[in-house]
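Protein chains: 2
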Amino acid sequence: MSTAEETAGGEVAPWGEVTPDAARRLLVAAVEAFAERGYHATTTRDIAGRAGMSPAALYIHYKTKEELLHRISRIGHTKALEILRTASRREGTAAERLADAVSSFVRWHAGGRTTARVVQYELDSLGPDARAEIVALRRQCDAEVRGILEDGIASGEFDVLDVKGTTLAVLSLCVDVARWFSIDGPWTPDEVGALYADLVLRMVGASK
Amino acid sequence: MSTAEETAGGEVAPWGEVTPDAARRLLVAAVEAFAERGYHATTTRDIAGRAGMSPAALYIHYKTKEELLHRISRIGHTKALEILRTASRREGTAAERLADAVSSFVRWHAGGRTTARVVQYELDSLGPDARAEIVALRRQCDAEVRGILEDGIASGEFDVLDVKGTTLAVLSLCVDVARWFSIDGPWTPDEVGALYADLVLRMVGASK
DNA sequence: GCCGAAGGTGAGCGAGCGCTTAGCGTGCCC
DNA sequence: GGGCACGCTAAGCGCTCGCTCACCTTCGGC
């Protein structure tokens, strides 16, 4: 059996690590509800209903509604960081690694837009402690991209005026894909990934 | 007297068109509350309290809480469209007009991040009719940017593979500024505008 | 000086919220 | 096959929500 499964929207949802089964069903239901209506507009009754359970069942597996968001956010950010790290640490020129990072990061945001939307846009609904933990993961994502840019500048591949600002812009561009991407639109996640990799290489002065 | 005033955060808020005075105070209070906590997490008691009025006073000037969001959204999108149109229709090369559009659009999203955050990220909280009206305004924003790109391609200034995708990416990059920009950060709105104008010119193959 | 319109308030309604609790069925251990 | 831990449900508590309503002030017109 695979650790990934498909939701109704054709997305890949790697929630295999969440056990037991009832806890995973509740978490998947919460991701869908949060993505559709936002954290504050989602009720615990709605989450439990989507998972085919009574409202009280939620509290057997999670202490509060916020704990659900926290778990989703941590798993999502960990996955995002892993994607960037894999691309950053592979072999190849800085341009190849940057293109790989951007295209795979964008593919994740487009293909898993339901999860990505929750992960990227519901951060402010977390309490201070949980938010601090997630913000630390974000800074690591930032560091991975900045590292590739610095490598490319050192090797003469890239021409970048403001490393910090360009890093932010690259990540911002990728993240915002989750906001506008639709599976009914004219592009597949792969196509957006390829388009964005090209745009980013141009931004750093590395286009052929 | 000017039609623009300053909020506590040093932002420009052109709400002079909203009358009478009590209605404007309520609207400004709603913008701040929605930006801080999101539409659904904001209570009508909070909005009225910020405006120094009782909860019931809100309903003298607005039929529902959603009408407040609708008015804010329409005014904000109209202003955004006006900014893009002004840049698009001035004289100059396509590169100059694109740089102007991006830098002024970004300045608006950074300087008026409170308003921009509500305008750009609370769209889904509107009902179907109101949302349709706002989406139409967005499409006009899209058309302005695409128009500049097509002019630049026709004149040979730009080298763009996918006009539709690049238009979307340019707008996405600018809009997302409202999500991450902070007045306490290392940049002024002007600096981000200049940085982004440079990045976008590179994206369309027009950098010097 | 009386009157009605405009703009405000305090109290509170019905609904729905996050979450709790008492108790029920089921399978596992001995 | 009796006891019990576990996963779950039905019912509902205390609270706060968006919104309403009866009433109060202020003020210009005559």
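If you read the sequences in order, they're chains A and B. Under my numbering, think of the first position of the first sequence as 1, with each following residue one higher. Under my numbering, think of the first position of the second sequence as 1001, with each following residue one higher. Backbone N, C-alpha and C define an ideal beta-carbon position, used for all residues, glycine too. Quick caveat, the model's predicted, so the values are computed rather than measured.
Assigned secondary structure, residue i (DSSP; H/G/I helix, E/B strand, else coil)
i	result
A/V18	coil
B/V1102	helix
A/V200	helix
B/V1012	strand
A/G187	Looking at the sequence itself, residue 187 of chain A is Trp, so the reference to Gly does not match. If DSSP states are grouped into helix, strand and coil, A/W187 belongs with coil.
A/T115	helix
B/L1173	helix
B/K1079	helix
B/S1002	Legend: pLDDT at B/S1002 = 45, less than 50; position of this residue unreliable, value from coordinates given subsequently. Coil, per DSSP.
A/E67	helix
B/A1231	In the structure displayed, chain B extends from 1001 to 1208; residue 1231 of chain B sits before or after that span and is not available.
A/L137	helix
B/E1144	helix
A/L126	coil
B/T1044	helix
A/R74	helix
A/S88	helix
B/G1227	Residue 1227 of chain B lies beyond the stretch modelled for chain B, which goes from 1001 to 1208, so this question has no answer here.
A/F181	coil
A/L161	coil
B/A1094	helix
A/Y62	coil
B/Y1121	helix
A/A206	coil
B/G1193	helix
B/E1038	What sits at residue 1038 of chain B in the sequence shown is Gly, not Glu. Coil.
B/G1156	coil
Whole-angstrom distance between residue j and residue i, CA atom to CA atom
i	j	result
B/E1191	A/W15	41 Å
B/V1145	B/I1075	20 Å
B/Q1120	B/P1055	27 Å
B/R1131	B/L1123	7 Å
A/T102	A/A197	A small fix is needed here, since residue 102 of chain A is Val in this sequence, not Thr. Taking the straight line joining both Cα atoms gives about 5 Å.
B/R1117	B/I1134	15 Å
A/G38	B/R1037	12 Å
A/R89	A/D142	14 Å
B/G1127	B/Y1062	16 Å
A/A95	A/V163	15 Å
B/V1170	A/D184	21 Å
A/G92	A/L149	13 Å
A/T42	B/L1084	35 Å
A/H40	A/T78	24 Å
A/F34	B/A1048	28 Å
B/A1030	A/E11	36 Å
B/L980	A/R179	This structure cannot settle anything about residue 980 of chain B, because the visible part of chain B is limited to 1001 through 1208.
A/V18	A/F105	23 Å
B/G1165	A/G193	11 Å
B/L1058	B/R1071	14 Å
A/D176	B/M1053	37 Å
B/D1151	B/D1129	34 Å
B/T1115	B/E1032	8 Å
B/T1086	B/V1200	18 Å
B/S1172	A/A80	20 Å
B/S1207	A/A51	52 Å
B/D1159	B/S1073	34 Å
A/M203	A/F181	21 Å
A/I60	A/P20	11 Å
Proximal residues of chain A, C-beta to C-beta of residue i below 9 Å
i	result
B/G1112	Simply none; closest approach about 18 Å.
- Item | chain B contacts from the segment 28–45 of chain A (Cβ-Cβ distance under 7 Å) | G38, H40, A41
- Positions along the segment 160–187 of chain A whose CB lies within less than 8 Å of some CB in chain B: L161, D162, K164, G165, T166, L168, A169, S172, L173, V175, D176, V177, R179, W180, P186, W187
- Message: Output needed in chain order: residues of the segment 1193–1206 of chain B with a Cβ under 9 Å from some Cβ in chain A.
- Response: L1195, Y1196, D1198, L1199, V1200, R1202, M1203, V1204, G1205
- Message: Does the contact criterion of 3 or more C-beta pairs under 8 Å hold for the segment 188–206 of chain A versus the segment 97–113 of chain A?
- Response: yes
- For the segment 136–151 of chain A and the segment 1018–1026 of chain B, state whether three or more C-beta atom pairs, one from each stretch, are separated by less than 8 Å. no
- Query: Are at least three pairs of beta-carbons, each pair with one atom in the segment 59–67 of chain A and one in the segment 154–161 of chain A, less than 8 Å apart?
  - Reply: no
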